[in-house]
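Those sequence lines, one after another, are chains R and W.
Here the first sequence is numbered in the numbering used here, starting from 451 and rising by one per residue.
Here the second sequence is numbered in the numbering used here, starting from 151 and rising by one per residue.
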Amino acid sequence: MKNKQKYIYPLIAWIVVLVIWEITVRIFAISPIILVPPSQIGPVIIDSFSVIYQQLSFTFYEVIIGWSLGTLVAFLVAVSCFSFKSLANLLTLAAVIVSAVPLIALAAILGGFLGTGQNTKTLLVAILCFFPMLIVSLSSFTRIERSYLNLFRTYQASWSQRFLKLILPQSLPALLNTMKINTVTALTTAIVSEFFGAHGGIGQFILSRKGFYDLPMVWAAIFYLIIATSIFYLIMNMLQKFYSHWH
Amino acid sequence: MQEQKSSSTSMLVIGLVVVVLIGLGIVYLAKKSPDKKSADGKKDKIVLQLKWVPQAQFAGYFVADKKGYFADENLEVEVRAGGVGINPVDVLVAGDADVAVAWTGNVLPAIAKGEDIVNIGQGFQKSGMVLVAKKKSGINAPADIKSKKIGVWAGGNETEPFAFIAKQGLDRDKDVQIISQAFDMNQLFNDEIQLASAMTYNELELVYENGYKPEDLTVFNLDENGSGMLQDALFVKRDYLTNNKDILVRFLRASMKGWDYAVTHQEEAVDMIGMDFAANDVTARPHQIKSMAQVAKLTIADKGTSEGLFYIDQTKLANTVSIAENFVKEVKEGKKIDVNKIYTQEIWDEARKDVKFSDYKNL
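This is the structure we're talking about:
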């Protein structure tokens, strides 16, 4: 019963939204270049899977590689630096300052000397994922409760024992959370950066189709984008849940 | 259990209310129109949406504002800048602007989708768009573009390059590679693309400013190549036109005066745009002055001189429509376009009566 409710109510809500959307567009004769009804989007979603898939995989290459790279490098930098307190503080400060800059503005500049190809976008995604991950890693590595650290010291635990058995397990929930939030950052970055010149990808596809008022195609692209993003996000969410459960 | 059920029901009701409110919001946004009167209630208000950011391309409208030509017509004109992701046609159709400076190539796909948008005055008498390649990329003639990387500005500015490609008998999806072009020319400079979109009054000048000589470059003038479309016309929605003829006549008259002044006092006009001129790029003052010279050429070309500024050349408009219908599949697949229904000479005829244009022969 409970499970049934969990799925039925959102489903009803969605159907209601779609019906109201459809009726609103029809009754008020809203221009097809502003809003199209779901009945026009549905068939395009089915017909244009392969076209959109091609663009989406172009963008997801940037997203997955960039996100992994940014996360991994940030983690490694944090691991190698956190023991040196003043260096860690300095890095955190620098990262916080850089994070305050709307880095997406880099999209327009990076294109100037690195080109507007897939690798530039990937790099941009990596940079945008790097800083939050670095800040969170450094702060969680350096904020382990003193009594635990003292205990490990008392038993003369080595650096690696201390890191693997104490610091990492303690920090993992925060790290996983950042990685999860970064999936959205990565996607936004990739899409927005494609607005400033690109060789392909869902961002420039949407922009270009929008320019020809092909709204059913734009909505279909957004539909698949939501699905792809949700899958990526849910995988991270499951990983996080799995870890906290097991922990 | 009972309690849980009733709370779910109330959640559903709240959800429904939210959805209805969103629906009403959409309708409001889709149906609203800008205020008709200025704040003091004395002047008629008009919102003008530009095609792009303020620059020499729109100098005449800023001159009309600064020299008080709009005020003389008892108009308060709010000039809205365009930019990345702002399509003037969308803004017009959504009712956020009364008049839009738009490219015919960007308007035709909307008309082919059933929009009733009307040209009331033709700003530029021909297309200012060129496609430019470095000679060393092997592009010397239109036929050489096969399997090359071609830059276009995504979001409604692709119709002319797309027509150019189709005119060479090439399929833009298979025979060439379409790259979405950034708003500088770096992709051309570092050979990321071989053929780039450029405006005579902006990017082409930028290429020369970066040290390229005309003899290093192949420039396809789209107007001369039969794939150019009329640009920077004043478009309004049909219902606005029907109800506000008098306002539009006054607006066009002031714009004619503004543009007449801008093409005859180019440096002064550039200074009236209200740009910062700070950066050493396309926004720099020397660049904008060169740009203004090119813009003036497009404005006074052909019928712009013989008939007067903003004259709508029927033959050229018909030509633009036929290029779009023959070479741009988005227009071809849409509703058949009747040239006589997408412009009116009426506003121009009325506005023209009280304007004395300068002599442009010596420019």
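Every residue, glycine too, gets a C-beta built ideally from N, C-alpha and C.
Give the single residue among the options whose Cα lies nearest to the Cα of residue i.
i              : options                           : result
F682 (chain R) : R:I483, R:I515 and R:I477         : R:I515
R659 (chain R) : W:V227, W:V481 and W:F507         : W:V481
V280 (chain W) : W:E355, W:K299, W:Y219 and W:I261 : W:E355
Q620 (chain R) : R:S587, R:G650 and R:T633         : R:S587
A313 (chain W) : W:D373, W:A209, W:G408 and W:I423 : W:D373
G233 (chain W) : W:D222, W:F212, W:F220 and W:V251 : W:V251
I236 (chain W) : W:G218, W:V227 and W:L200         : W:L200
A206 (chain W) : W:V243, W:N490 and W:M425         : W:M425
V529 (chain R) : R:P488, R:S589 and R:L506         : R:S589
Y461 (chain W) : W:I439, W:S160 and W:L402         : W:L402
W253 (chain W) : R:G653, R:T633, R:G661 and R:I677 : R:G661
A412 (chain W) : W:K285, W:K216, W:L166 and W:E353 : W:K216
R612 (chain R) : R:E595, R:V501 and R:F655         : R:E595
L626 (chain R) : R:M667, R:A678, R:F673 and R:N687 : R:N687
T509 (chain R) : R:F646, R:I652, R:N569 and R:A544 : R:I652
D504 (chain W) : W:D222, W:T159 and W:K187         : W:D222
A304 (chain W) : R:P623, R:G650 and R:N600         : R:G650
K535 (chain R) : R:R593, R:V469 and R:K630         : R:R593
S680 (chain R) : R:T604, R:P552, R:I465 and R:K630 : R:K630
L320 (chain W) : W:S330, W:R400, W:I300 and W:E500 : W:I300
N393 (chain W) : W:V170, W:K186 and W:I164         : W:K186
E310 (chain W) : W:V478, W:A244 and W:E265         : W:V478
Along the beta strand (DSSP E) that carries residue i, what are the first and last residues, could you check?
i              : result
R230 (chain W) : L225 to R230
A250 (chain W) : V249 to A252
L198 (chain W) : D194 to Q199
V302 (chain W) : K299 to V302
Q327 (chain W) : Q327 to S330
Between the beta-carbon of residue i and the beta-carbon of residue j, is there less than 7 angstroms?
i              : j              : result
I343 (chain W) : V302 (chain W) : no
T542 (chain R) : C579 (chain R) : no
G484 (chain W) : Q275 (chain W) : no
A283 (chain W) : L198 (chain W) : no
T639 (chain R) : L564 (chain R) : no
V213 (chain W) : A231 (chain W) : no
I450 (chain W) : Y358 (chain W) : no
A332 (chain W) : G567 (chain R) : no
V424 (chain R) : A648 (chain R) : For residue 424 (chain R) there is no data in the structure shown, the boundaries of chain R being 451 and 697.
V445 (chain W) : A468 (chain W) : no
S671 (chain R) : I656 (chain R) : It should be pointed out that residue 671 (chain R) corresponds to Ala in this sequence rather than to Ser. Yes, Cβ-Cβ distance for A671 (chain R) and I656 (chain R) is below 7 angstroms.
A538 (chain R) : F532 (chain R) : yes
D270 (chain W) : L174 (chain W) : In the sequence as displayed, the identity of residue 270 (chain W) is Ile instead of Asp. Not a contact, by the Cβ cut-off of 7 angstroms.
V432 (chain W) : N352 (chain W) : yes
A557 (chain R) : S643 (chain R) : yes
I483 (chain R) : A260 (chain W) : yes
L225 (chain W) : I196 (chain W) : yes
L519 (chain R) : A576 (chain R) : yes
Bridge partners for residue i per DSSP, in chain order?
i              : result
L281 (chain W) : W:S347 and W:F370
N269 (chain W) : W:F385 and W:Y493
G233 (chain W) : W:I236
K187 (chain W) : W:D194
F460 (chain W) : W:Q272
A648 (chain R) : W:S330
Report, in whole angstroms, the separation of the C-beta atoms of residue i and residue j, which I expect to be a contact under 8 angstroms.
i              : j              : result
I497 (chain W) : K395 (chain W) : 7 angstroms
K407 (chain W) : I267 (chain W) : Contact flag wrong, Cβ pair sits at about 25 angstroms.
S472 (chain W) : T414 (chain W) : That belief does not hold up - the Cβ atoms of S472 (chain W) and T414 (chain W) are roughly 34 angstroms apart, past 8 angstroms.
D382 (chain W) : G273 (chain W) : 4 angstroms
G378 (chain W) : S277 (chain W) : 3 angstroms
Q318 (chain W) : I295 (chain W) : 6 angstroms
Indicate whether at least one CB of chain C lies closer than 7 angstroms to the CB of residue i.
i              : result
G255 (chain W) : Although the question refers to chain C, the structure presented lacks it and instead comprises the protein chains R and W.
May I ask which residues mark the beginning and end of the alpha helix (DSSP H) holding residue i?
i              : result
S536 (chain R) : K535 to A550
T433 (chain W) : Here T433 (chain W) belongs to no alpha helix (DSSP H), and DSSP marks it neither H nor E.
I617 (chain R) : Neither: I617 (chain R) is in no alpha helix (DSSP H) and is coded neither H nor E.
T455 (chain W) : K453 to S456
R322 (chain W) : That residue, R322 (chain W), is in no alpha helix (DSSP H); it is neither H nor E in DSSP.
N469 (chain W) : Q464 to F477
W409 (chain W) : K395 to T414
M425 (chain W) : M425 (chain W) -> no alpha helix (DSSP H), and no H or E assigned at all.
T521 (chain R) : F499 to C531
S597 (chain R) : R596 to T604
D294 (chain W) : That residue, D294 (chain W), is in no alpha helix (DSSP H); it is neither H nor E in DSSP.
N336 (chain W) : N336 to F339
S587 (chain R) : Q568 to F591
D215 (chain W) : A209 to K216
V486 (chain R) : Premise fails: V486 (chain R) is in no alpha helix (DSSP H) and is neither H nor E.
V357 (chain W) : E353 to E359
Y219 (chain W) : Y219 to D222
I480 (chain R) : No alpha helix (DSSP H) contains I480 (chain R), which DSSP labels as neither H nor E.
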